[in-house]
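One structure is given below, encoded as structure tokens.
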Amino acid sequence: MAKIVLGVGGGIAAYKAVYLLRALMGEGHFVTPVLTESATKFVGSVTFSALASEKAKVSLFEDSDAIPHTHLGRSADLICIAPATADIIFKLANGVADDILSATVMASKAQVVLAPAMHEEMWDNFAVQKNIKALSDAGYMIVPPAHGSLAAGDSGVGRMAEPEVIATFVRFALVEESVNLAGKKIVVSAGGTREAIDPVRFIGNRSSGKQGLAFAKVAACWGAEVVLVTTNSVSEFPRVRQVLVSSADEMSEAMHSERAHADLVVMAAAVSDFRVASFSSSKIKREVRTNMTLELEANLDILTSLTSSESGDCIYIGFAAETDALEENLTKKLHSKGVDIIVGNDVTKPGAGFDTDTNSVTVLSKLGDRFSLEDVSKEAVAVKVLALAHTMFERS
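Start counting the sequence shown at 14; every next residue gets the next number (the working numbering).
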């Protein structure tokens with residue numbers, strides 16, 4: 014359980030902060046709402062007080078505590094401000110502490126997560142962008158606003174991210190391994206490829222893409238710009254651009270294209286080793302044959318083709334799904350595929366195969382790092398492996 018200060022600014026998106034409060038409470042955190050005076054014009058403090066761990070704070074002078082901001086700031090493990098309005102962003106970037114929320118942030122050394130919300134013209138304003146950059150450079154975690162409906166029937170970029178998205182940023186800000194990946198481009202592959210037999214049939218596997226998606230989300234929360242090359246379309250997430258593919262050839266083309274200028278490549282997809290040698294352009298009718306033999310040919314090893322053509326400083330992370338001799342096979346693949354980190358799991362182990370929410374993995378690096386994770390979430394795997402990759406950035 015973490016102690017979280019939930020700051021609420023004066024914008025129409027303040028009503029969504031109630032849902033964020035419920036999400037944070039649902040994850041077991043101790044949450045203290047701190048509202049600006051403007052925020053109370055949109056949502057009453059009683060609503061937050063009724064749902065939070067303790068009464069909402071709305072003023073520096075409302076009770077007998079002479080320095081509530083100092084006590085809140087010192088005790089907080091994290092401060093999340095949603096919505097973060099233009100004036101709050103200005104205050105934090107320029108050292109202004111004239112209300113309980115800005116004063117609490119100034120009196121704290123805790124990680125700060127900001128979820129901006131304002132009209133598109135305000136978000137694009139040079140002063141707002143200057144202040145956002147200053148806060149980002151200072152280590153604040155910024156949850157980019159989305160494109161969507163705004164106040165007064167308008168539409169554009171500036172809509173506050175959804176509460177579940179902000180809660181995800183908070184979750185990854187709180188982990189001990191949290192690092193700053195701002196300025197990094199990361200390419201992640203996810204899902205199982207489909208190799209067509211005819212227009213309606215294919216050879217595939219049961220990969221859900223959950224592990225690759227976990228890598229994409231963690232990296233994006235930590236500030237990276239992420240390209241997710243995936244066989245399964247997923248919900249939009251800040252800083253994650255999706256490239257939808259189907260076959261191994263399509264994934265190979267996308268990975269080689271997106272690899273340009275990448276700092277890190279995570280090859281988490283379950284790429285089919287084989288494809289049909291002869292594709293039928295029309296549906297193969299069951300009525301005209303009693304049996305069918307498929308001739309298969311090998312697909313390109315995408316990861317090896319990427320590493321063998323590499324001439325820059327990109328770090329490569331590979332995955333290996335094994336059924337026996339896990340560590341022996343991992344050691345071989347670490348060298349044969351030319352990767353910096355190899356992550357392997359025994360897919361016959363309960364909770365560690367395809368389409369599960371958990372995983373058990375062994376991780377090796379070319380620099381001699383080794384660790385194992387047993388029955389953890391796929392997000393936890395992504396956190397540990399990306400933290401290791403970050404140390405390799407620092408070593409290089």
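The beta-carbon is built from N, C-alpha and C at its ideal position, and this holds for glycine as well.
Range covered by the beta strand (DSSP E) that runs through residue i
i, result
"residue 329", "328 to 335"
"residue 280", "277 to 280"
"residue 95", "91 to 97"
"residue 170", "168 to 172"
"residue 244", "Here residue 244 belongs to no beta strand (DSSP E), and DSSP marks it neither H nor E."
Alpha-carbon to alpha-carbon, residue j and residue i
i, j, result
"residue 64", "residue 278", "42 Å"
"residue 230", "residue 316", "21 Å"
"residue 143", "residue 159", "19 Å"
"residue 339", "residue 357", "7 Å"
"residue 190", "residue 326", "23 Å"
"residue 257", "residue 146", "31 Å"
"residue 169", "residue 128", "16 Å"
"residue 17", "residue 115", "15 Å"
"residue 306", "residue 137", "60 Å"
"residue 227", "residue 61", "31 Å"
"residue 244", "residue 259", "5 Å"
"residue 209", "residue 347", "30 Å"
"residue 96", "residue 52", "9 Å"
"residue 206", "residue 250", "22 Å"
"residue 55", "residue 66", "21 Å"
"residue 202", "residue 318", "14 Å"
"residue 253", "residue 44", "29 Å"
"residue 111", "residue 396", "37 Å"
"residue 304", "residue 291", "17 Å"
Residue i, DSSP secondary structure in three states
i, result
"residue 177", "helix"
"residue 67", "coil"
"residue 350", "coil"
"residue 251", "coil"
"residue 4", "The structure shown does not extend to residue 4, since the chain is modelled only from 14 to 409, so the question has no answer here."
"residue 259", "coil"
"residue 143", "helix"
"residue 55", "coil"
"residue 35", "helix"
"residue 41", "coil"
"residue 49", "coil"
"residue 231", "helix"
"residue 359", "strand"
"residue 185", "helix"
"residue 81", "helix"
"residue 154", "strand"
"residue 225", "helix"
"residue 394", "helix"
"residue 378", "strand"
"residue 345", "helix"
"residue 310", "strand"
Residue nearest to residue i in terms of C-alpha spacing, selected from the options
i, options, result
"residue 294", "41, 226, 168, 214", "214"
"residue 94", "351, 124, 300, 143", "124"
"residue 28", "172, 43, 167", "172"
"residue 167", "131, 200, 283", "131"
"residue 117", "141, 138, 88, 96", "88"
"residue 86", "70, 75, 98, 96", "70"
"residue 408", "394, 297, 353", "353"
"residue 58", "75, 42, 43", "75"
"residue 329", "372, 296, 286, 281", "281"
"residue 15", "186, 264, 32", "186"
"residue 314", "72, 262, 368, 400", "262"
"residue 401", "390, 383, 387, 391", "383"
"residue 272", "323, 149, 291", "323"
"residue 153", "192, 73, 363", "192"
"residue 30", "150, 395, 177, 387", "177"
"residue 140", "104, 110, 82", "104"
"residue 133", "404, 335, 157, 101", "157"
"residue 297", "35, 162, 212", "212"
"residue 161", "275, 175, 385, 78", "175"
"residue 320", "246, 163, 335, 269", "269"
"residue 289", "301, 331, 308, 241", "308"
"residue 287", "149, 398, 312", "312"
"residue 394", "81, 405, 332, 372", "372"
First and last residue of the uninterrupted alpha helix (DSSP H) at residue i
i, result
"residue 303", "Counting along the chain, residue 303 falls outside any alpha helix (DSSP H), and DSSP gives it neither H nor E."
"residue 383", "Unbroken run through residue 383 is the beta strand (DSSP E), 383 to 390; no alpha helix (DSSP H)."
"residue 116", "113 to 119"
"residue 316", "315 to 321"
"residue 135", "133 to 137"
Exercise. State whether the stretch 46 to 58 contacts the stretch 18 to 25, with contact taken as three or more CB pairs (one from each stretch) at a distance under 8 Å.
Key: The stretch 46 to 58 vs the stretch 18 to 25: in contact.
Quiz prompt | Cβ contact (3+ pairs, closer than 8 Å) linking the stretch 232 to 243 and the stretch 190 to 201 | solution = By the C-beta criterion, the stretch 232 to 243 is judged to be in contact with the stretch 190 to 201, since at least 3 inter-stretch pairs fall below 8 Å.
Quiz item: Three or more C-beta pairs closer than 8 Å, one from the stretch 78 to 94 and one from the stretch 107 to 127: is that the case here?
Solution: Cβ pair count under 8 Å is three or more, so yes.
Practice problem: Tell me, please, whether the stretch 366 to 382 touches the stretch 340 to 347 by the rule of three or more beta-carbon pairs shorter than 8 Å. | Solution: Yes, since at least three Cβ pairs between the stretch 366 to 382 and the stretch 340 to 347 fall closer than 8 Å, the two stretches touch.
Practice problem: Would you check if there are 3 or more beta carbon pairs closer than 8 Å linking the stretch 208 to 225 to the stretch 181 to 188? | Solution: By the C-beta criterion, the stretch 208 to 225 is judged not to be in contact with the stretch 181 to 188, since fewer than 3 inter-stretch pairs fall below 8 Å.
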